[in-house]
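All remarks here apply to the structure that follows.
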Amino acid sequence: DIQMTQSPSSLSASVGDRLTITCRASQSIYSYLNWYQQKPGKAPELLIYTASTLQSGVPSRFSGSGSGTDFTLTISSLQPEDFATYYCQQSHSTPHTFGQGTRLEIK
Amino acid sequence: QVQLVQSGAEVKKPGASVKVSCKASGYTFTSYGFSWVRQAPGQGLEWMGRITVYNGNTHYGQKFQGRVTMTTDTSTRTAYMELRSLRSDDTAMYYCARDRGNYNWFDPWGQGTLVTVSS
Chain C
1 DIQMTQSPSS LSASVGDRLT ITCRASQSIY SYLNWYQQKP GKAPELLIYT
51 ASTLQSGVPS RFSGSGSGTD FTLTISSLQP EDFATYYCQQ SHSTPHTFGQ
101 GTRLEIK
Chain R
1 QVQLVQSGAE VKKPGASVKV SCKASGYTFT SYGFSWVRQA PGQGLEWMGR
51 ITVYNGNTHY GQKFQGRVTM TTDTSTRTAY MELRSLRSDD TAMYYCARDR
101 GNYNWFDPWG QGTLVTVSS
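Chains as they are written, first to last, in our numbering: chain C, 1 to 107; chain R, 1 to 119.
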């Protein structure tokens, strides 16, 4: 199975900050990497697919990059509604494993 | 709009089975598949398996092999996930999500079904 490792596991930030979350795969997954946002008590929602394509309706302050084994999710200017947990997920091969999540909290 | 609506919360005793449904609307049902993902309380997301609707092919995570069955009913546009021999550590929120298999992504997700296993 492909292991997905996110860092950091949690972080505190302020509105307006720029931040980056990283995701590393245990083997090459080319660009088959997706990012999801989950707010408390809600189902996850797709943010970015195939590493860098923004899902329709997602604000442009979100961006993704990377290929192979190393990927990043960047939020250019944090907004209050961005405080949530973020998960990466590989879709290169089954099982479609997720990272352990990054919890983003308000500083 | 594309929507997945799941069945309501369940409480089961250890050793029992649970069957969760996921009703789809707003798209061509047979053009996609479904993945099932669970989330234990306070924990991360765990992929359980998936089913391709048009041919019924399934792929289950090794952890769930022999205990899970995923099916679809094209007449009602509904996907089902049955988990047997329930244990307390199966207590979790269970989500369905639309997908197209490898090289694809999960969108949208159902609202989730809480399954509680308790004696």
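We put the CB at the ideal spot given by N, CA and C, even for glycine.
With 16 other Cβ atoms within 10 Å as the buried cut-off, status of residue i
| i | result |
| --- | --- |
| R:Y54 | exposed |
| C:P44 | buried |
| C:G101 | buried |
| R:V11 | exposed |
| C:V41 | The question names Val, but residue 41 of chain C is Gly in the sequence shown. Exposed is the call here. |
| R:N57 | exposed |
| C:T57 | According to the sequence shown, residue 57 of chain C is Gly rather than Thr. Exposed, because fewer than 16 other Cβ atoms sit within 10 Å of the Cβ of C:G57. |
| R:D99 | buried |
| R:D73 | exposed |
| R:Q16 | The sequence shown places Ala at residue 16 of chain R, rather than the Gln named in the question. R:A16 should be labelled exposed. |
| R:S39 | Contrary to the premise, residue 39 of chain R reads as Gln rather than Ser in this sequence. Counting Cβ neighbours within 10 Å, R:Q39 comes out buried, since at least 16 surround it. |
Neighbour flag for residue i against chain C, beta carbons, 7 Å
| i | result |
| --- | --- |
| R:Y32 | no |
| R:G8 | no |
Simplified DSSP state of residue i, which is helix, strand or coil
| i | result |
| --- | --- |
| R:F34 | strand |
| R:Q62 | helix |
| R:F106 | coil |
| R:D90 | helix |
| R:D73 | strand |
| C:F71 | strand |
| C:F83 | coil |
Query raised in the report: Between the segment 87 to 117 of chain R and chain C, which residues of the former have a C-beta closer than 7 Å to a C-beta of the latter?
Result: Y95, N102, Y103, N104, W105, F106, D107, W109, G110, Q111 and G112
Query - Selection of the segment 24 to 48 of chain R by Cβ proximity to chain C, strictly under 9 Å - result: S35, V37, Q39, Q43, G44, L45, E46, W47 and M48
**Report entry** Against chain R: residues of the segment 75 to 87 of chain C by CB proximity under 8 Å
**Finding:** Y87
Query raised in the report: Got a sec: which bits of the segment 52 to 73 of chain R sit with their beta carbon under 8 Å from any beta carbon on chain C, in order along the chain?
Result: The residues in question are H59, G61 and Q62.
Query raised in the report: the segment 16 to 44 of chain C: which residues have C-beta closer than 7 Å to a C-beta of chain R, in chain order?
Result: Within the segment 16 to 44 of chain C, the residues whose Cβ lies closer than 7 Å to some Cβ of chain R are Y32, N34, A43 and P44, listed in chain order.
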